[in-house]
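Novice: Same order as they appear, the protein sequences are chains A and B. First residue of the first sequence: 1, per my numbering; consecutive thereafter. First residue of the second sequence: 1, per my numbering; consecutive thereafter. Ideal Cβ placement from N, Cα and C applies to all residues, glycine included.
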Amino acid sequence: MAMMYRLHTDLYAGLWGQLFLGFMGLLLVVALVSGVVLYAPFTRKLAFGTVRHERSRRVRWLDLHNVLGIVTLTWALVVGATGIINTWAELLLKVWQKTELAELTAPYAGLPRVTKLAPMHDVIAIAEKTEPGMKVRFVAFPGTRFATPHHYVVFMHGDTPLTSRLHKPVLIDAQTGVLTASRALPWYLVALTVSQPLHFGDYGGQALKLLWALLDIGTIVVLITGLYLWLKRGKAAAARPAEERALEDA
Amino acid sequence: MMRMFGPVWTAPVVLAVLTVIGLVSALLGDGVRDALSALALGAVAAVGAWHGLRRPQARH
Chain A
1 MAMMYRLHTD
11 LYAGLWGQLF
21 LGFMGLLLVV
31 ALVSGVVLYA
41 PFTRKLAFGT
51 VRHERSRRVR
61 WLDLHNVLGI
71 VTLTWALVVG
81 ATGIINTWAE
91 LLLKVWQKTE
101 LAELTAPYAG
111 LPRVTKLAPM
121 HDVIAIAEKT
131 EPGMKVRFVA
141 FPGTRFATPH
151 HYVVFMHGDT
161 PLTSRLHKPV
171 LIDAQTGVLT
181 ASRALPWYLV
191 ALTVSQPLHF
201 GDYGGQALKL
211 LWALLDIGTI
221 VVLITGLYLW
231 LKRGKAAAAR
241 PAEERALEDA
Chain B
1 MMRMFGPVWT
11 APVVLAVLTV
21 IGLVSALLGD
31 GVRDALSALA
41 LGAVAAVGAW
51 HGLRRPQARH
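(1) Could you tell me which chain A residues have their CB closer than 7 Å to the CB of V128/B, listed as they occur along the chain?
(2) Please work out which residues of its chain come closer than 6 Å, Cβ to Cβ, to T160/A, disregarding the five sequence neighbours upstream and downstream, and give them in chain order.
(3) Using a Cβ-Cβ cutoff of less than 7 Å, which residues in the same chain neighbour A174/A once the five nearest sequence positions on both sides are dropped?
(4) Please check if any C-beta of chain A sits within less than 9 Å of the C-beta of G42/B.
(5) Going by DSSP in three states, H157/A sits in which element: helix, strand or coil?
(6) With 16 as the cutoff for other CB atoms within 10 Å, does F155/A come out buried or exposed?
(7) Among L73/A, L231/A, G177/A, L189/A, which residue has its Cα nearest to the Cα of L28/A?
(8) Whole angstroms are fine: how far does the CA of S164/A sit from the CA of G204/A?
(9) Suppose you measure from the CA of V136/A to the CA of D122/A; what does that come to, to the nearest Å?
(10) Listed from N- to C-terminal order along the chain, which residues in the region 53–74 of chain A have their beta-carbon within a distance smaller than 8 Å of any beta-carbon of chain B?
(11) Leaving out the 5 sequence neighbours to the left and right, which residues in its chain are closer than 7 Å to E90/A when beta-carbon positions are compared?
(12) Near G35/A, which residues of its chain fall below 7 Å by C-beta distance, leaving aside the five closest residues on each side in sequence?
(13) Taking 8 Å as the threshold, find out whether the region 74–89 of chain A comes into contact with the region 19–27 of chain B through three or more Cβ pairs.
(14) Express the C-alpha separation of V51/A and G52/B in angstroms, rounding to a whole number.
(15) How would you call M134/A, buried or exposed, if buried means at least 16 neighbouring beta carbons within 10 angstroms?
(16) Since V221/A is in the alpha helix (DSSP H), which residue starts that stretch and which ends it?
(17) Taking DSSP as the reference, what is the three-state secondary structure of A140/A?
(18) With G218/A and G6/B assumed to form a contact (beta carbons below 8 Å), what rounded beta-carbon distance in angstroms separates them?
(19) Check each residue of the region 131–163 of chain A: if its Cβ is closer than 7 Å to any Cβ of chain B, include it; give the result in chain order.
(20) Take T176/A and list the residues in its own chain whose beta-carbon comes closer than 7 Å to its own, dropping the five residues that flank it on each side.
(21) In terms of residues, what are the limits of the alpha helix (DSSP H) holding S37/B?
(22) Assuming T105/A and T43/A form a contact by the criterion Cβ under 8 Å, report the distance between their Cβ atoms to the nearest whole angstrom.
See below:
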C-alpha cells in the first residue's frame, strides 16, 4: 500500500518525482482535449454509442475508444486536473509558509526557541472560542511542518464533506498561549484542498469508491485501445476519418 | 451549426453534466447528496458499460 502510494505520488524521487508525475498528468489532459477535438469527425455519421462489431478490429476498437472516451471524459479531466494540482501540494505549502505565515510570524523572528509550551488544553479551548461552529482537526506543534517555530497552529474544520477539508489555521503563541491570528487559507490552498477528494474519490461513501474503480477501468480500456490505434496508425487513413470511413463503407 | 451540434454532442453534454452533478453533490453534504452522486455517476458508468460490453447479436 505504502509502495503503491509512493509510486503514484513521487516515484520515490521526492519533489522532482511529484512534478514529473504532474507533467505526465498535464500530458493526460492534453490527450483528453485532443480526443474531444477528434470525437466529432470520427462519430458524425454514427448514432451515439455505436460499436461496429461487424467491422475489423481496428474499427471496433476505434469505436470503443470513442464511446468509452467520451463517457469517462469529464471524470478523467477532473481526476487529471486535480491530480496535477496535488503534485504542487508541497510547493503550495511552502509558498504559504514563506508569505502569509511568514508575515504573521515576522514579529517573532530572531526570538529564542520556545522552551516552555503553553498547555495543549488551553490552546484548544482558545481555538474553539475563536472559531465557534468549527471543530479541531489537528494541532501542529511549534517547529513542525505545519506550524511555526513559535506557534501552535490549530487546524479547524467545518462539517460538510467539503468544509471538513477546508482547514482554517488558528495561530497561538506557543509560550504564552495567546491568540496570534486566525485567517482563512489562501485561494491556492483552497484549490488544493478541493482537488484532493476530487482526485482520490474518498468521499460520498462506498458507492463513489466503486464508481471510481469502474470509471478507472473504462479509462484504462481507452488507454489500451488508444495505444493500439496509435500502433496501427499507418494503416488506412487513421488521421483522415472521412477517407477512412469511405474505405470502410466501400 | 446547431444541426451539427445536436446529434453528435447531445449525449456527451448530458454525460458531462451528470458527471459534474455526481462529483459535486457528495462534496456538499451527506445522505441524499451522496445518493444523488451515486445515481448520477452510476448512470454515466452504466452508459459506458452498456455500449462497451453489449455484443452484436443484441442489436440485430
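Specialist: Looking at the coordinates:
(1) Any question about residue 128/B goes unanswered here, given that chain B covers just 1 to 60.
(2) The beta carbon of T160/A sits closer than 6 Å to none of the beta carbons in its chain outside the five residues before and after it.
(3) The answer, listed in chain order, is V114, L117, A118, P142, H150, H151, Y152.
(4) Taking Cβ atoms only, chain A reaches closer than 9 Å to G42/B, which makes this a yes.
(5) In the three-state scheme derived from DSSP, where H, G and I count as helix and E and B as strand, H157/A is classed as strand.
(6) Label assigned to F155/A: buried.
(7) Taking the Cα of L28/A as reference, the smallest distance to any Cα among L73/A, L231/A, G177/A, L189/A is reached at L73/A.
(8) Going by the C-alpha atoms only, they are around 13 Å apart.
(9) Approximately 13 Å, taken between the alpha carbons.
(10) Within the region 53–74 of chain A, the residues whose Cβ lies closer than 8 Å to some Cβ of chain B are H53, E54, L64, V67, L68, I70, V71, T72, L73, T74, listed in chain order.
(11) Hits under 7 Å: L15, Q18.
(12) Cβ within range, chain order: G69.
(13) Touching, per the Cβ criterion.
(14) For G52/B and V51/A, the distance between alpha carbons rounds to 8 Å.
(15) By the neighbour-count rule (16 or more Cβ atoms within 10 Å), M134/A is buried.
(16) Run containing V221/A: 205–231, per the alpha helix (DSSP H) assignment.
(17) Correct three-state label for A140/A: strand.
(18) Between the beta-carbon of G218/A and that of G6/B there is about 25 Å, and that puts the pair past the 8 Å contact cut.
(19) So the list reads T160, P161, L162, given in the order they occur along the chain.
(20) So the qualifying residues of the chain are A118.
(21) Here the alpha helix (DSSP H) through S37/B covers 32–53.
(22) Rounded, the Cβ-Cβ distance is 57 Å, inconsistent with contact.
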